Each structure stands twice: as structure tokens, then as C-alpha cells.
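Those sequence lines, one after another, are chains A and B. Each residue of the first sequence is one higher than the last, beginning at 0 in numbering that gives the first Met the number 0. Each residue of the second sequence is one higher than the last, beginning at 0 in numbering that gives the first Met the number 0. One structure is given below, encoded as C-alpha cells.
Number of protein chains: 2
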Amino acid sequence: MKVSVAWKENMRFEAANDSNDSRADMDSTDPELGGEGKGQSPKHMFLQSIAGCTAMDVIYILKKMREKLPDSFFIDVRGEVADEMPKVFKSINLVYNFKGKSDKEKLIKAVKLSQEKYCSISIMVRKICDFKYSVVLNGSTIHTEK
Amino acid sequence: MKVSVAWKENMRFEAANDSNDSRADMDSTDPELGGEGKGQSPKHMFLQSIAGCTAMDVIYILKKMREKLPDSFFIDVRGEVADEMPKVFKSINLVYNFKGKSDKEKLIKAVKLSQEKYCSISIMVRKICDFKYSVVLNGSTIHTEK
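This is the structure:
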């Protein structure tokens, strides 16, 4: 697989891929570096790639289980960054937020399957920093990784 | 820092961040999973985050050096993925492509500084798979990481 990130101006870049013609805007969020915040920052995209990878797994696994899909579903990811250069991630925490009438145990099972078997990006990132997740259904935490 | 990835429909998601109101579309590229290719895939975004991180460094470092900025600059990233689940990256190869009249040695120095000191995402990803880069100026390879 191949991607391309092309400079536009200042700290703005356009990200493309070799599968389709969609594009994503990237920009630094740091005004001291010339960033104007007109796009996702590289670290945003790194965290978004983790969330997107496992979120797609979860929808796919729920469909395979013939379980009722949630009415809404989003993943929040918080990343804590080192104070010193290079500012690598020290810890990453995912919260899976579901709303709807999906079965609680099936949701937990789908998330666990993704985190333990399928989500290549989570599995890679677990090797380089603290990594935790929890699962919330209709506002209540139903699972926290031990 | 915090990001959020919200399900839209099928395998389509919208990625947001807590710094600005820009958004990025995500989608699977695999029709068997229900992907329609209407966005970057998670693995695309993972590779784009690496390229964006080091590309911003390079522009920033060239400015600090008061070196002539390139007329154009893009980074191609190729990722080779495991055949078996989980399909983690086995190798990642970056090609820095510059066009213009920037000094060859200054470009190489800026890329090396980013890769060795500043680019947190490259430094993290080097720990989990084979990682190489080369630098091309006006069509000629001027540096390859040994």
C-alpha cells in the first residue's frame, strides 16, 4: 500500500492514498511552527488511525454475529505526550461509546476480539506505549481493560 | 490531546480532533468488509501521520537554517503488510521528494535531524517494524539510509 503527503504552503499538507481519490488536509496545530490548524495534525491522525481501525472491526464483528447494530457509536482517544523531544506518546486511552439496544456482552466481545486479534494498529501501538481501553453503553461503563 | 472517530454508516467514519473544527473522512478500502473507499483507510492514515510528522519537521528545519525552501516537496510512503491476521506493517519505506534549488547537503541534514531527533512518530514506528528512507532531489537519489 502507498500514500503520499504533499506540501501546500506554510505547515499545510495534503494526504492522498493509492486506493481512491479522497484527500485529507494536514496542518500543524502549533502557531510557533507556523501551524494554522487547517487540518488534522500528524499526531491526531496517528490516534485517529487507531480508533478507525478498531471501530471498523467492531462494526464488522457485530454484523458477523448478527447482533443489533448500535444507534450511535464513536471512539474517543486521549494521548499523553512526552514533555521532552522527541515528543512520543507515553500513554493512549480509548473509550468506545455506544448508544442503542445492542447486547452488552456482545459489544464487549466484539471490542475484545478487535483489540486482541484483529486490530493491527492497536496491536502495533501496544508495543510502544501504555495502552488501555474501556467500553461505555448508554452512558455507563460496562468494561475496562484490566 | 484528544481525537474522536464517529460512525456514519457502513464502514464510513468521521475523524475529528480537539484543536480545530477540521474533519477527515475514513472508510475501509475492502469491499468485502463493506468498504466503499470514501475516505482514507486507518492504515493509510497511520502511514500519512508518519509522513506528515517528518515533512513538517523538514520545512521547519529548513526555515531555521535560512535555507531556500523547495519549489515542491512530497513524501511517498510504502507499507508492506503481513499476510496473516493481525495484518501489522512488516516494513515501511519513505521517499522524500524535493524539487527546486535547495542545497543538497542541507536537505539531507534536515531529513536526518527529523528522523533521528524530532519526528516522534517515525521514532515510535521504527521500534515496531523495518523502517527505511531515502531522499530524492530533482529526480536523483541523493541519500539512502544505511
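Where is the CB? At the ideal position from N, CA and C, for every residue including glycine. Note that this is a predicted model, so its numbers are computed, not measured.
### Query
Under the rule that 16 or more other beta-carbon atoms within 10 Å means buried, what is residue 139/A, buried or exposed?
Residue 139/A is exposed by the Cβ-count criterion.
### Query
When DSSP builds the beta bridges, which residues end up paired with residue 45/B?
Among the bridge pairs identified by DSSP, residue 45/B is matched with none.
### Message
Which residues of the stretch 71 to 85 of chain A have a Cβ closer than 9 Å to any Cβ of chain B? Give them in chain order.
### Response
Cβ contacts with chain B: 71, 72, 73, 74, 75, 76, 77, 78, 79, 80, 81, 84 and 85.
### Query
If the cut is a Cβ gap below 9 Å, which residues of chain B does residue 28/A touch?
Contact of residue 28/A with chain B by beta-carbon distance below 9 Å involves 0, 16, 18 and 19.
#### Entry: Closest by C-alpha distance to residue 142/B, when choosing among 130/B, 111/B and 69/B
Nearest C-alpha to residue 142/B: 111/B.
### Message
Once the 5 residues before and after residue 80/A are set aside, which same chain residues still bring their CB inside 8 Å of it?
### Response
Answer for residue 80/A: 42, 86, 87, 88 and 89, listed in chain order.
### Spatial distance of residue 8/B from residue 96/A (CA atoms)
When rounded, the distance between both Cα atoms is 16 Å.
### Query
Is the distance from the Cβ of residue 60/A to the Cβ of residue 117/A below 9 Å?
Taking 9 Å as the Cβ cut-off, residue 60/A and residue 117/A qualify as a contacting pair.
### Task
Starting from the Cα of residue 16/A, find the closest Cα among 62/B, 44/B, 33/B and 17/B and give me that residue.
Between residue 16/A and the set 62/B, 44/B, 33/B and 17/B, the nearest pair of CA atoms involves 44/B.
### Task
Would you check if the stretch 17 to 26 of chain A and the stretch 122 to 132 of chain A touch, i.e. whether three or more CB-CB distances between them fall below 8 Å?
With fewer than three CB-CB distances shorter than 8 Å, the stretch 122 to 132 of chain A does not count as touching the stretch 17 to 26 of chain A.
### Task
Please list the partners that residue 88/B has in chain C, where partner means a Cβ-to-Cβ separation under 8 Å.
No chain C is part of this structure, whose protein chains are labelled A and B.
### Query
From which residue to which residue does the alpha helix (DSSP H) around residue 21/B run?
Annotation: residue 21/B is outside any alpha helix (DSSP H) and is labelled neither H nor E by DSSP.
### Cα-Cα separation between residue 121/B and residue 47/B, rounded to whole angstroms
Separation of residue 121/B and residue 47/B (C-alpha to C-alpha, rounded to the nearest whole angstrom) is 11 Å.
#### Entry: Listed by chain order, chain B residues near residue 126/A by CB distance under 9 Å
Going along chain B in sequence order, the residues near residue 126/A (Cβ under 9 Å) are 126 and 127.
### Query
Which residues, taken in chain order from the stretch 46 to 62 of chain B, show a beta carbon closer than 7 Å to some beta carbon of chain A?
For the stretch 46 to 62 of chain B, the set of positions with a beta-carbon nearer than 7 Å to some beta-carbon of chain A reads 46, 47, 48, 50, 51, 52, 54, 55, 58 and 59 in chain order.
### Task
Rank 145/B, 123/B, 135/B and 106/B by C-alpha distance to the C-alpha of residue 56/B and give the top, closest one.
Distance check between residue 56/B and each of 145/B, 123/B, 135/B and 106/B places 106/B closest, using alpha-carbon atoms only.
### Message
Does residue 140/B come out as helix, strand or coil in the three-state DSSP assignment?
### Response
DSSP, reduced to helix, strand and coil, places residue 140/B within a strand of the structure shown.
### Task
Give the residues of chain A in contact with residue 5/B, contact being defined as C-beta atoms less than 7 Å apart.
Residue 5/B reaches chain A at 73, counting residues in chain order whose Cβ is nearer than 7 Å.
### Task
Run the CB neighbour count on residue 65/A, radius 10 Å, all protein chains shown included, and call it buried at 16 or more, exposed below.
Answer is exposed; the Cβ neighbour count stays below 16.
### Message
Below 8 Å on C-beta distance, what does residue 10/A contact in chain B?
### Response
Those within 8 Å of residue 10/A in chain B are 55, 58 and 59.
### Task
Using three-state DSSP, classify residue 99/B as helix, strand or coil.
Residue 99/B falls in the coil class under three-state DSSP.
### Message
On the DSSP letters alone, give me the boundaries of the beta strand (DSSP E) that residue 3/B sits inside.
### Response
Counting along the chain, residue 3/B sits inside the beta strand (DSSP E) bounded by residues 1 to 8.
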